[in-house]
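**Student:** Quick one: the structure is below, questions incoming.
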Amino acid sequence: MHYEQFLIEHEILPIDCEKGKWNRFLIHHQSPKDEMSKQEVKRYIGQQVGNRNGLYVYKNEQGEILYIGKGKPLKNRLISHYIESFQPVSGDTKDQRWHKFFSQHQGIMEVWWIELEGEKERQIIEKMLDNLLKPLFSVSSRQNIKPNYVHKLND
């Protein structure tokens, strides 16, 4: 079975709020004006995803898929990416690659997320989505070309 068909049958694709299991919120990736603003954004992220585990997809204002990731819990990863958009995160053992990437991609972001409890399930579906959607930042570091069905990321 092909990845795309499998993901459609399991309601992972298309990524939208009406037909599938996905949720969506907007976040402004930019340096906050002060510590209070930074804390408000962190609180907002926590309100959106709670302590759920799952996958997320970052999409910019131009409709490009920037990154696909997983989190346990989601809020920790999403808060980390928000902070990485304006400063390096202490303890980053991966050569600040997320900071380098997210600092170049500022502005309003759509964050699509889906709750998935199992670690293996998150890993497998993340790889499938990464392979199909070809995000600009890919953990597998390959050249990315947008497939024709990326337009399925509907509001």
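Its first residue numbered 13, the sequence shown is counted upward by one per residue in this note's numbering. Don't be surprised by glycine CBs; every beta carbon is placed ideally from N, CA and C. Here the structure is a predicted model, which means the values were calculated and not measured.
(1) Report yes if the CB atom of E73 is closer than 7 Å to the CB atom of G119, and no otherwise.
(2) Where do the N-terminal and C-terminal ends of the alpha helix (DSSP H) with F114 fall, by residue?
(3) So N65 and K84 are in contact, right, with Cβ under 8 Å, and what is the actual spacing, rounded?
(4) Quick one: using the 10 Å Cβ neighbour count with 16 as the cut-off for buried, is R109 buried or exposed?
(5) Between the segment 124-133 and the segment 38-49, can you find at least three pairs of beta-carbon atoms closer than 8 Å?
(6) So the candidates are L141, S115, V61; which of them puts its Cα closest to the Cα of V123?
(7) Measuring only the C-alpha atoms, how far is H117 from E21?
(8) Distance check for V69 and G75, CA to CA, integer angstroms please.
(9) Apart from the five residues on each side of it in sequence, which residues of its chain come closer than 8 Å, Cβ to Cβ, to Q155?
(10) Identify whether R64 lies in helix, strand or coil by the three-state DSSP scheme.
**Tutor:** Considering the structure as presented:
(1) Yes. Within cutoff.
(2) Looking at the DSSP string, the run of the alpha helix (DSSP H) that includes F114 is 109-116.
(3) Yes, they are in contact, since the Cβ atoms of N65 and K84 sit about 4 Å apart, within 8 Å.
(4) Classification for R109: exposed.
(5) No: the two stretches stay apart, fewer than three of their Cβ pairs being nearer than 8 Å.
(6) That would be V61, whose Cα lies nearest to the Cα of V123.
(7) About 33 Å.
(8) Rounded to whole angstroms, the separation of the alpha carbons of V69 and G75 is 12 Å.
(9) Residue placement at Q155 cannot be trusted, given a pLDDT of 41 that sits under 50; the coordinates are not used to answer.
(10) DSSP places R64 in the coil class of the three-state scheme, outside both helix and strand.
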